[in-house]
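Q: What follows is a single structure, and I will ask about it in a moment.
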Amino acid sequence: MIKIICASCLAVVCLGAEPFSPARSRLGINLSGPADWNTELPFVDVFRLSRAWISQEKGKGWGKGPALELDARGWVTRLAPDCSAETLMCTIEGGHYPTGEYVCLYEGEGVIQLSNVARVVSRSPGRIVFEPAPERGAFFLRIAATRPENYIRAIRVIMPGFEDTYRREPFHPAFLARWKHMRALRFMDWMETNGSRIAEWKDRPLPDDATWTVKGIPLEVMIDLANRLGADAWFCMPHRATDDYVRSFAAQVARELAPARKTYIEYSNEIWNSGFAQTRYAGEMGRKLGFHEKDWEAGWRYGAYRSVQIFKIWEDAFGGRDRLVRVIASQAANAYVSDVKLSFRDAHKDCDALAIAPYVSLNVSATSTPNAAAVAAWPVEQVLDHMEGTSLPEAIEWIKASKKTADKHGVALIAYEAGQHAVGIGGSENVEALTKVLAAANRHARMGAIYTRYLDAWRDESGGLCAIFSSVGAWSKWGSWGLLEYGDDDTPKFRAVNEWNLANPIDPAPPLNVLLEEFDGAHPCGVWDRQQPFSEEFGYDVTPAGLAMRSGLLGHNQHLVRRGLLIDHGRPYTVECAFAIKGPLRPGVNSFCLNLNVAGPSGDASPVDAWAINVDLRRGAPTVMKYMGFVRGAFRQIGQRECRWGQPDTEYAIEVRVNQDLDGRRVPKMLAVTVKEGAAVLERFEQSYAAFPYQPDPERPVRFGVNTHGADWIMRALRICYGCPPADPARPRDAGEPQG
């Protein structure tokens with residue numbers, strides 16, 4: 001049994017280090033673009049990233065069918081005789097996507113066929129259950145027939161286990177967990193920024209589009225993701241976007257993005273890179289406006305000019321600049337370009353940050369030094385030696401030069417992209433041996449060490465946001481851009497980035513806001529009171545050392561409540577306590593319960609629980625933890641889990657985080673529960689309350705309740721607070737920290 005004295009009780013209950021939120025992170029991430037070959041699988045509905053419809057005609061080659069008739073959202077409305085419309089999903093080699101039963105849902109009438117799958121389990125109107133064969137790669141969905149009056153549409157293909165939740169929880173949990181510590185999400189590729197054809201607001205992608213791989217991910221989805229992760233959003237305005245498009249986009253972000261989140265605004269992407277259509281467009285526009293006679297010089301100036309116009313539209317939509325970071329991006333290797341952009345018409349006065357992409361570069365061609373033939377013959381250690389000894393110092397010098405330019409113009413220096421840049425170019429991408437050795441370098445443990453040194457230098461020379469490029473993507477002759485190749489992958493560079501990010505926060509931890517800290521028998525925000533709804537026999541003691549309750553003779557419930565607390569249920573808050581069930585056990589279930597409820601008008605009647613966690617210690621049976629919520633307007637049990645840790649006369653620490661996940665990240669309507677015995681973590685789980693809606697009034701006092709059924713118990717420590725640190729099972733005790 002763990003014995004706790006009052007002086008150390010909070011140290012035992014306070015289970016973790018300082019909370020780490022995205023707002024404190026120094027790093028951001030560029031999310032990989034939407035495609036059927038996207039290996040990240042961000043959505044539980046894999047049809048969201050299906051390929052654009054392919055027209056097929058019997059007797060003709062692949063994709064040689066006639067032009068398809070589509071509605072405004074891209075659904076096939078009619079098929080010509082002997083024709084079909086086909087698409088692919090999960091074009092991922094090596095079996096790197098989940099097995100199991102997928103559910104295809106659809107509206108309308110017609111015939112859907114699935115191919116390259118293991119088997120079709122069942123069919124009914126509007127629903128097909130099937131098992132894919134990940135080892136074969138992609139699977140195919142074909143509309144073989146459709147009724148024009150009620151054509152097939154609203155197709156969804158849901159991964160195993162998500163049919164009941166995909167509408168309210170569209171993102172795969174692994175995807176959310178992977179990037180939960182990133183300060184910002186750069187949506188450049190999600191918006192299909194490079195070569196974008198979107199100019200008018202009416203042409204934007206929408207959530208009910210047939211696929212999101214044609215126009216990009218809808219704004220609604222990007223905002224939802226940023227809000228769920230508590231991350232800032234980085235948007236790239238299309239190079240042809242009209243003022244109306246920009247104004248409408250900004251207005252929607254102002255309405256829907258969480259007020260605590262910032263928005264990074266950038267005009268297109270790399271308006272200096274001759275490989276992109278937007279650079280050619282900017283050059284043409286700049287020459288037309290008389291900015292310079294040379295295309296590239298005119299383009300740099302036009303990029304700054306249009307950026308400032310866009311910034312002013314966003315400022316109007318947001319009613320100011322407090323929630324905006326106005327970004328002018330430039331070339332890392334050429335500080336002259338940055339100086340031209342920031343100087344042109346005093347653009348720096350309407351800009352917050354200069355953004356660069358200071359890659360650790362090894363761009364290899366037939367004529368580079370070293371050239372493709374040489375590097376292809378190198379062992380992987382020599383590639384890493386070159387990157388560490390030549391490429392890394394070069395990148396650091398670019399950072400230093402860009403910082404001087406940023407300082408000259410009074411703006412911050414941030415990175416819109418960052419990481420390694422080892423790739424064959426100019427035809428050398430087709431040298432197979434080169435591709436293999438560069439990929440091997442990216443898998444090597446030393447690549448993680450290079451990333452750590454690189455990020456250390458970034459912190460020391462700049463200190464601003466650094467958006468790594470990129471999240472997850474298969475490595476190929478076109479580069480090894482993803483920190484991971486697949487969603488189920490692990491690499492040294494991915495681990496290095498996450499470890500560095502956690503160790504190098506950019507902002508101080510938020511202050512702790514304690515609502516209640518016990519025990520002394522009295523507190524300014526409420527007093528303990530006892531209720532006796534079932535039995536006249538009742539006893540309890542409140543002392544500075546703890547609170548003890550004795551059960552009724554018949555094992556009835558006995559309640560103790562703290563009235564008058566004001567808790568904003570829209571904010572994350574935490575309840576922590578240390579308790580022990582005491583013997584002898586009475587017949588029936590022996591339980592300890594934490595619950596939060598709204599008091600009736602008198603403070604005594606009509607309690608309505610917001611949530612409850614019950615710990616039931618049963619004779620000769622596993623402990624059961626139950627969680628309660630609203631079901632059809634009534635407060636009922638919504639689930640339970642068996643545990644192996646419950647013993648009488650043993651003290652446990654329990655933490656309930658509300659509107660948070662287990663890492664302390666803000667997730668509305670989520671409970672995260674951690675149970676410890678001493679330093680040992682016994683139980684950790686999350687329970688979403690999204691399906692059990694309850695919205696208490698933050699201005700109405702609530703009651704915090706504890707109760708017993710069938711056993712005595714003692715509670716030695718209790719705290720309710722905003723900003724409590726999350727439970728961290730991996731954190732060792734500091735020297736001198738009080739021991740339980």
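Residues 1 to 740, numbered by my numbering, are exactly what the sequence shown covers, in order. Where is the CB? At the ideal position from N, CA and C, for every residue including glycine. The model shown is predicted, which means the values in this text are computed figures rather than measured ones.
Over what stretch of residues does the alpha helix (DSSP H) that includes Asn334 continue unbroken?
A: Element bounds for Asn334: n/a, residue is neither H nor E.
Q: Please classify Lys582: does DSSP put it in a helix, a strand, or coil?
A: Three-state result, Lys582: strand.
Q: Starting from Thr405 and walking both ways along the alpha helix (DSSP H), at which residues does that stretch end?
A: From DSSP, the alpha helix (DSSP H) with Thr405 extends over Leu392 to His409.
Q: May I ask you to report which of helix, strand or coil DSSP gives Gly28?
A: Strand, per DSSP.
Q: Please identify the residue among Asp243, Gly303 and Thr369 whose C-alpha is closest to the C-alpha of Ala317.
A: Nearest of Asp243, Gly303 and Thr369 to Ala317, Cα basis: Asp243.
Q: Just the C-alpha distance for Ser402 and Asn273, rounded to the nearest angstrom, thanks.
A: Near 17 Å, if we compare the C-alpha coordinates of Asn273 and Ser402.
Q: Measuring alpha carbon to alpha carbon, tell me which residue in Gly410, Ala80, Ile313 and Val44 is nearest Glu57.
A: That would be Ala80, whose Cα lies nearest to the Cα of Glu57.
Q: May I have a chain-ordered list of the alpha helix (DSSP H) segments no shorter than 4 residues that lie completely inside the region 139-198?
A: Complete alpha helix (DSSP H) runs here, min 4: 173-178.
Q: Using DSSP's beta-bridge definition, name the partner residues of Glu429.
A: In DSSP, Glu429 forms no bridge with anything.
Q: Mapping DSSP to helix, strand and coil, what is Asp71?
A: In this structure, Asp71 counts as coil in the three-state DSSP scheme.
Q: With Glu131 and Glu101 assumed to form a contact (beta carbons below 8 Å), what rounded beta-carbon distance in angstroms separates them?
A: About 6 Å separates the two Cβ atoms, so the contact holds.
Q: Note down the Cα distance separating Lys676 from Pro505, rounded to an integer number of angstroms.
A: Looking at the two C-alpha atoms, the distance is approximately 27 Å.
Q: Taking the straight line between their C-alpha atoms, what separation do you get for Ser470 and Ala145?
A: Straight-line Cα distance between these residues: approximately 40 Å.
Q: Out of Ser25, Glu40, Arg26 and Pro34, state which residue places its alpha-carbon closest to the alpha-carbon of Leu483.
A: That would be Glu40, whose Cα lies nearest to the Cα of Leu483.
Q: Please check the pair Ala376 and Tyr416, which I expect to be a contact at CB under 8 Å, by giving their CB distance rounded to whole angstroms.
A: Not quite, the Cβ-Cβ distance comes to about 31 Å (not below 8 Å), so this is no contact.
Q: Please check the pair Thr77 and Ser50, which I expect to be a contact at CB under 8 Å, by giving their CB distance rounded to whole angstroms.
A: At roughly 18 Å, the Cβ-Cβ gap does not stay under 8 Å, so Thr77 and Ser50 are not in contact.
Q: Taking Val44 and Phe162 to be in contact with their CB atoms under 8 Å, please state how far apart those CB atoms are, rounded to whole angstroms.
A: At roughly 4 Å, the Cβ-Cβ gap stays under 8 Å, so Val44 and Phe162 are in contact.
Q: Where Gln532 and Ile654 are concerned, what is the direct C-alpha to C-alpha distance, given to the nearest angstrom?
A: Note that Gln532 scores a pLDDT of 40, beneath 50, so its modelled location is shaky; the value from the coordinates is reported in the next line. Each residue's alpha carbon lies about 25 Å from the other.
Q: By Cβ distance below 7 Å, which residues in the same chain neighbour Trp378 in space, the five residues on each side in sequence not counted?
A: These residues qualify, in order along the chain: Val437.
Q: Going by other Cβ atoms of all chains shown within 10 Å of its Cβ, with 16 needed for buried, is Thr99 buried or exposed?
A: Label assigned to Thr99: exposed.
Q: Our contact map puts Leu354 next to Ala406 with C-beta atoms below 8 Å; I'd like the distance itself, whole angstroms only.
A: Indeed they touch by this definition, with Cβ atoms about 4 Å apart.
Q: How big is the Cα-Cα spacing for Gly723 and Val681?
A: Cα-Cα distance, rounded: 21 Å.
Q: Under the three-state reduction of DSSP, which class applies to His348: helix, strand or coil?
A: Three-state DSSP puts His348 in a helix.
Q: Are Arg323 and Lys262 closer than 8 Å when you measure CB to CB?
A: Yes, the pair counts as a contact, with Cβ atoms nearer than the cut-off.
Q: Do you know how far the Cα of Ala690 is from the Cα of Ala605?
A: Unreliable positioning characterises Ala605 in this predicted model, as indicated by a pLDDT of 39, which lies under 50. A coordinate reading is not provided.
Q: Starting from Asp661, follow the beta strand (DSSP E) in both directions and report where the run begins and ends.
A: That residue, Asp661, is in no beta strand (DSSP E); it is neither H nor E in DSSP.
Q: Nearest-angstrom Cα distance between Asp616 and Ala717?
A: Rounded to whole angstroms, Asp616 to Ala717 spans 20 Å at the Cα level.
Q: Under the DSSP definition of a beta bridge, which residues are partnered with Leu324?
A: Paired residues: Thr263.
Q: What would DSSP say about His421, mapped onto helix, strand or coil?
A: Residue state, collapsed to three classes: strand.
Q: Using the three-state DSSP reduction, which class does Phe469 fall into: helix, strand or coil?
A: Strand, per DSSP.
Q: Secondary structure at Trp354, three-state DSSP: helix, strand or coil?
A: Residue identity differs from the one stated: residue 354 is Leu in this sequence, not Trp. Strand at Leu354.
Q: Which term fits Pro358, buried or exposed, when burial requires 16 or more other beta carbons within 10 angstroms of its beta carbon?
A: Pro358 is buried by the Cβ-count criterion.
Q: Measure the alpha-carbon distance for Phe494 versus Ser480 and round it to whole angstroms.
A: Cα to Cα, the separation comes out at about 12 Å.
Q: Among the candidates Arg326, Ala335, Ala372 and Ala373, whose CA atom is the shortest distance from the CA of Asp352?
A: Asp352 has its Cα closest to that of Arg326, out of Arg326, Ala335, Ala372 and Ala373.
Q: Between which two residues does the alpha helix (DSSP H) containing Leu206 stretch?
A: From DSSP, Leu206 is part of no alpha helix (DSSP H); its letter is neither H nor E.
Q: Determine, using beta carbons only, whether Ala138 and Ala118 come nearer to each other than 8 Å.
A: Not closer than 8 Å, so no.
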